[in-house]
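Here the protein sequences come in this chain order: A and B. Numbered per the working numbering, the first sequence spans residues 1 to 645. Numbered per the working numbering, the second sequence spans residues 1 to 645. Cβ coordinates follow ideal geometry from the N, Cα and C atoms, glycine included.
Protein chains: 2
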Amino acid sequence: MVVERLLPQVEGGFPVHRVAGVPTQLDAILLKEGHVLVAGVVRWRPVSPEGPWQELPLSSLGNDRWRAEFIPPAPGLYEWTVEAWPRRFATWQDELRRKRTVTSALSGELGEGATLLEEIAARADASLAARLAEHARVLRQGGEPALDRALSPGLASDAEATPDRHLSSTARPVRLLASRPRAEEGAWYEFFPRSTGGPDQHGTFATAAALLPEIAAMGFDVVYLPPIHPIGRTGRKGRNNSPHAAPGDVGSPWAIGAEEGGHDAVHPQLGTLGDFAAFVAAARKSGLEIALDLTFQCSPDHPWIRTHPAWFQHRPDGTLKTAENPPKRYDDVVNFDWLGPDRAALWDALYEVTCTWVDRGVSLFRVDNPHTKPLPFWEWFLARFQREHPEVVFLSEAFTRPEIMYGLARRGFHQSYTYFTWRTGRDELRAYLEEISRPPVSDFFCGNLWPNTPDILPEHLQRGGPAAFRQRLALAALASPVYGIYAGYELCEARALHGEEYLDSEKYQLVHRPNERPGHIRHFVARLNALRRTHPALRSRNIQFLDTDSPFLLAWWRWDDARRDQVLVAVSLDPYAPHSAHVTLPAELLPPAGRRPVEAVDLMGGRRHLLTPGALDVSLSPESPVAAWAVTPPPRDEHAYEYFA
Amino acid sequence: MVVERLLPQVEGGFPVHRVAGVPTQLDAILLKEGHVLVAGVVRWRPVSPEGPWQELPLSSLGNDRWRAEFIPPAPGLYEWTVEAWPRRFATWQDELRRKRTVTSALSGELGEGATLLEEIAARADASLAARLAEHARVLRQGGEPALDRALSPGLASDAEATPDRHLSSTARPVRLLASRPRAEEGAWYEFFPRSTGGPDQHGTFATAAALLPEIAAMGFDVVYLPPIHPIGRTGRKGRNNSPHAAPGDVGSPWAIGAEEGGHDAVHPQLGTLGDFAAFVAAARKSGLEIALDLTFQCSPDHPWIRTHPAWFQHRPDGTLKTAENPPKRYDDVVNFDWLGPDRAALWDALYEVTCTWVDRGVSLFRVDNPHTKPLPFWEWFLARFQREHPEVVFLSEAFTRPEIMYGLARRGFHQSYTYFTWRTGRDELRAYLEEISRPPVSDFFCGNLWPNTPDILPEHLQRGGPAAFRQRLALAALASPVYGIYAGYELCEARALHGEEYLDSEKYQLVHRPNERPGHIRHFVARLNALRRTHPALRSRNIQFLDTDSPFLLAWWRWDDARRDQVLVAVSLDPYAPHSAHVTLPAELLPPAGRRPVEAVDLMGGRRHLLTPGALDVSLSPESPVAAWAVTPPPRDEHAYEYFA
């Protein structure tokens, strides 16, 4: 008996990512020579902390493939395998049944069966053993009564009451990481609490909390806060990334640590830990989760630099080594000595300080620059969270080097930033989104699509006006179960300093945003997030792109796992001109040719249509760059609806 | 330092299949946080018998991917891995070079460099250590001379003379099975030596040898012989699979063993072992290799049944259990007790008897029904051949159950029969041939395409006449580097008993074939095999199918690894009517739009054409069902050639 393959698996032995509470298919290829019938079970257990093995029945899919449905009961790391064994008695019975169709001269076979029953009886309890012995006696007597007994269901049930598991084989277990649903689904909104104080006023947790109902009203699930810790003074950056801060400049929140405290402290101007607790409570009231930035670096003023000098890199002359990306140097930031002699204490401290924030109500972390820290650190750090706080979700800011991005995901990051931010053409968007939404990548990687971030105001947003903002939002919000925008996006802020850098970037100064502003797209944001809330299809990872005959139109189809909800989306990629295109509809979506059409509800306009097989004509414009339809089975009276052109 | 992935690999840790002497690419993903420069080597060695580790340089392909070209020196099993390390000094020098573009205040950096050099010196020999100490001294003096020295190539070469391999990481080794070229390339011809004796005469090795020049003239590389051993008398089958043999009936050669001997003996009517040696010599003279059938079952008269009763399955009443496929029984065949108590001696005996035939000049084996024997047996058997006779090639007769077919290939079968025999539609042919010619399947599985076998005269050949025989031959011979036909194919023998069974099957009787017969396609066979000999593209595994707008026309493009030879093929799938189609030509084949066309030589007609971008019009008919062109770079005087329509 050979358990040949277990599926799904991730190359290199890393865990497959799945969602707790959601059914997932565990498959195995079971091979046994000849015509021997086989059976098997999935065996699974939680690891770290280790739990008892449990079993699930396997059903045959044909072609030697078997499947069990597994619902991870809770977030955490699991392992599973398949144990399979030959069904010796069932095989014998099956062969006997087929032979009896051509002959009754089967005494040799009956003798074999009797011997088999006696072997089984030797492993059975007394009452079963007695029944099996009686069956064997009847079989040995031969003739038609013996054949009838041999083929009886009662005998089969006695003989298989004790499966041949002493003949079983078990594959090497593979791992599965179950996360809570928020790990693979959600709309994120990033904002700087310090900017919420009104004109020229430093914001506080209280003023930030006042903004939460509005963010919730736009339909977001998560608010992501850049670092909220004390900011260093040494080497502080001025406005627009000036190397010298002017008096009153607030500095970059990523220069963490000052005499007021380090990673466990809050910036005094934002308030106290009590104020933060109130902010957490307000977020909960608005139905928002809090994601905090996790930046593992320090300002030269961080308390750890005095208390734990061995955690930092020094030059041979004893001076502290500041961060750099040659020829650039960052005088406001120093790096940890990740692999230095005191790394065990350092790693523990970073774990502990992260737990502090979990205890204070933070349930997600966006990790800054994880690719500049050693992969073995993340493997250790994330494994410990899987063990001790499996509900906490980590988003990796890995914009560069796709293999590092995937390497971080394999080590347990739940989500990652993506190259979506720079993909603009129809074919490159489609190819990239297909890559990350299908196995093997989707088995360990989940993309969180951001049209902008404080670091990236892409060129297409700088030039394309509100139409571009709507288009990029629709791509992110309707093509991915997880996406996010950085504050100001809904106001179509688009002024750059140079390259992709925002002018007067909030990274270095307070930015006051009036509540309303001409050309804002708050209602559009709210509409798309409302569609996501209403349609499970838009929160699932199932997506199929559709062929279009215009390079300016990207279209796709999404559905939920139960296939009760299906949504068709088309988005224009050109913010400057209207475009029309034929969208080829997938056969799976439509009834067989000649059958009745399916009903479609226009999600942007609310009208109902009937969708007929073939191609769908879509016209989009800079003013109306998105079309979406919910597709359901046809209604009884199909004449009540107009047809698509 | 992390060696993240090694490529190629086969799921489950089985070896990747490659050809000895042919360059293959070994890739690795090397990940190191930040901007650290890295280096690495491929380390490889033969296993079983184990050889010393050897190294190959890795070159960067960008995006953290590295590659080495490996040429397996000889057939056998290898393992390889990648060892990689950070280049600390080179990284320091690279950063210093970039920083110097903006500042000269680099004394801290120079101090770091000096310390690094002193560390390296501690691991260096005396003369290098002295030079490194002098470099360090100059660096510590600071100023422009120190910077010049720090960036000098001489210093780099001294500092990197001893790579940082004490900081290296090495991945878990993976395996690669190298075979001789014949494992993945060749035209096979199957015939029964006993049928070569002329009308009503039992053939001999001598009469069979007389046929070899003709087989060689048709362009075949391998002659495959069904079993040539003594045939049992007990339960012998008569003509057309009759359960009772008439006097004089020759029986099935697959009922191996009689009083004259078993698997190591030859059938007395075929001749002696000396006659077989003469046959082997004749085959060599004709440039043909010999493949022998390897059928691990016995007739009830096999000597082993007396000498080694424990090797066979018995019923509880002590009677021998004959082979069966319920409700069918095969009274002329008994099976081994593969997993019985005496299996070690049985497995050894089967290995030894196979080696006997290797010693007698057989270099390939076609293994009968391997899927009815345990996979662990094949794993053991083939591993021992890899170790002791890695030049011997095994073809698996696994027609059923795709997962078993692939499971056998993973365990070391070089080739396998395929489902090609039953694929007739354009799309199903294309999909199947794509599946087996691309990774992951092509990394461990090599299909040997047979349009017919003694067991299978497919329905399309029974009905389609010579046109169908030409079409199926062209599909097998021109779409696959390995293919074979069973004798009579070139004569278009097409009479069935029932189902796919030949009438008057050669499995149970002698079949005399006159040398010529109206409607034979010997010349067509010879022509296609000649094309295979002339064109390396047709012996490679590279294939890309081309879109056609007729469901009756399959077209593809093949090329050799060096891309010096390229062949376009189109085959009609309809033996009854002519068809025309547009074949979309791949961009890689054609020059950029507007550039000069490429020259194409019509391989079936010999005329030259110029191929222009776009679609190629192809017309095929039952009389002329195949078109093929060799495509080469354009000649100087392109006006000498006509254009395709």
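Exercise for review: Give a yes or no on whether the minimum CB-CB distance between P199/A and chain B is below 8 Å.
Suggested key: For P199/A, the nearest beta carbon of chain B is not closer than 8 Å to its own beta carbon.
Point to revise | Complete beta strand (DSSP E) runs within the stretch 539-605 of chain B (minimum length 3 residues, chain order) | key: You should have 543-546, 553-559, 566-572, 579-584, 598-602.
Practice item. Could you spell out where the beta strand (DSSP E) holding E403/B opens and where it closes? Key: No beta strand (DSSP E) holds E403/B; the alpha helix (DSSP H) holding it covers 402-410.
Check your understanding: At least one CB of chain B closer than 8 Å to the CB of V22/A: is that the case?
Key -> It does not: the Cβ of V22/A has no partner Cβ on chain B nearer than 8 Å.
Check your understanding: In whole angstroms, what is the alpha-carbon distance linking E33/A and R541/B?
Key -> Roughly 30 Å separates the two Cα atoms.
Exercise for review: Quick one: list the residues of chain A neighbouring D317/B, beta-carbon separation under 7 Å, in chain order.
Suggested key: Ordered by position in chain A, the residues that pass the 7 Å Cβ test against D317/B are G108, G111.
**Study point:** DSSP bridge partner residues for L292/B (one or two, in chain order)
**Key:** Its beta-bridge partners are L225/B, F365/B.
Review point. In this structure, does DSSP put S169/B in helix, strand or coil?
Key: Strand at S169/B.
**Study point:** Contact with chain B by K237/A, beta-carbon distance below 8 Å
**Key:** Not a single CB atom of chain B sits nearer than 8 Å to the CB of K237/A.
**Study point:** Bridge partner(s) assigned by DSSP for T453/B
**Key:** Paired residues: I456/B.
Review point. Within the 8 Å Cβ cut-off, does V10/B reach chain A?
Key: Among the CB atoms of chain A, none fall inside 8 Å of the CB of V10/B.
Review point. Sorted by chain position, which residues of the same chain lie with C-beta nearer than 7 Å to E185/B's C-beta, five sequence neighbours on each side aside?
Key: Counting only Cβ-Cβ distances below 7 Å, and skipping sequence neighbours, we find P481, V482, R539.
Practice item. On a CA-only basis, which of C492/B, I543/B, D565/B is nearest R463/B? Give me that one, please. Key: It is C492/B.
Review point. Quick one, are the C-beta atoms of P300/B and G235/B less than 8 Å apart?
Key: The Cβ-Cβ distance between P300/B and G235/B falls below 8 Å.
Review point. Considering W347/B, what are the terminal residues of the alpha helix (DSSP H) in which it resides?
Key: In this chain, the alpha helix (DSSP H) harbouring W347/B covers 343-359.
Practice item. Closer than 9 Å by beta-carbon distance: list the chain A residues that pair up with D64/B, in chain order. Key: Neighbours of D64/B on chain A, chain order: R401, P402, E403, I404, G407.
Check your understanding: Just how far apart, CA to CA, sit S152/B and F381/A?
Key -> Looking at the two C-alpha atoms, the distance is approximately 41 Å.
Review point. Is the Cβ of R636/A closer than 8 Å to any Cβ of chain B?
Key: With a pLDDT of 39 at R636/A, under the threshold of 50, the modelled position of this residue cannot be trusted; read the value that follows with caution. It does not: the Cβ of R636/A has no partner Cβ on chain B nearer than 8 Å.
Review point. Is there contact between the stretch 567-578 of chain A and the stretch 617-630 of chain A, where contact requires at least three CB pairs shorter than 8 Å?
Key: Yes, since at least three Cβ pairs between the stretch 567-578 of chain A and the stretch 617-630 of chain A fall closer than 8 Å, the two stretches touch.
Exercise for review: Consult DSSP for Y78/A and reduce its assignment to one of helix, strand or coil.
Suggested key: DSSP, read as helix, strand or coil, puts Y78/A in strand.
Exercise for review: Check whether the Cβ of S179/A sits closer than 7 Å to any heavy atom of the ligand SAM, and report yes or no.
Suggested key: Looking at this structure, you won't find the ligand SAM or any other ligand, since it has none at all.
Point to revise | Cβ shell of T632/A (< 6 Å), same chain only, five flanking positions each side left out | key: Taking C-beta separations shorter than 6 Å and ignoring five residues to either side along the sequence, the partners of T632/A in its chain run E599, following chain order.
Point to revise | Where G34/B meets chain A, residues with beta-carbon distance less than 7 Å | key: For G34/B, the chain A residues whose Cβ falls inside 7 Å of its Cβ are T372, in order along the chain.
Point to revise | Neighbourhood of Y432/B by C-beta, 8 Å cutoff - its chain only, sequence neighbours within 5 removed | key: Closer than 8 Å at the Cβ level, and outside the excluded window around Y432/B, lie T418, Y419, F420, R423.
Point to revise | Within chain A, the residues that R5/B reaches when beta carbons sit closer than 7 Å | key: Within 7 Å Cβ-Cβ: E11, G12.
Review point. Would you say P15/B reaches chain A, if we count a Cβ-Cβ gap shorter than 8 Å as a contact?
Key: False, the Cβ-Cβ gap to chain A never drops below 8 Å.
Check your understanding: If we cut at 8 Å on Cβ distances, does R87/B have a partner in chain A?
Key -> It does not; no Cβ of chain A falls within 8 Å.
**Study point:** Given A476/A as reference, the closest of V102/A, G447/A, G488/A once Cα atoms are compared
**Key:** Cα-wise, what sits closest to A476/A is G447/A.
Check your understanding: Under a three-way DSSP split, which group does L132/B fall into?
Key -> Residue state, collapsed to three classes: helix.
Point to revise | 4-residue-minimum alpha helix (DSSP H) runs that sit fully inside the stretch 35-116 of chain A, ordered along the chain | key: Fully enclosed alpha helix (DSSP H) runs of 4 or longer: 88-100.
Check your understanding: So who's on the other strand from V631/B, going by DSSP bridges?
Key -> For V631/B, the beta-bridge partners assigned by DSSP are Q566/B, A600/B.
Review point. Under 8 Å between C-beta atoms, does E144/A make it to chain B?
Key: Not one chain B Cβ lies under 8 Å of E144/A.
**Study point:** Short-range partners of chain B found in the stretch 75-103 of chain A, where Cβ spacing is below 7 Å
**Key:** So the list reads E95, R98, K99, T101, V102, given in the order they occur along the chain.
Point to revise | chain B within 8 Å of I29/A, Cβ atoms only | key: Chain B contact via Cβ: present.
Point to revise | Other residues of its chain near H135/B: CB distance less than 6 Å, five sequence neighbours each side excluded | key: Residues L117, L155 of the same chain have their beta carbon placed closer than 6 Å to that of H135/B, with the five preceding and five following residues left out of the count.
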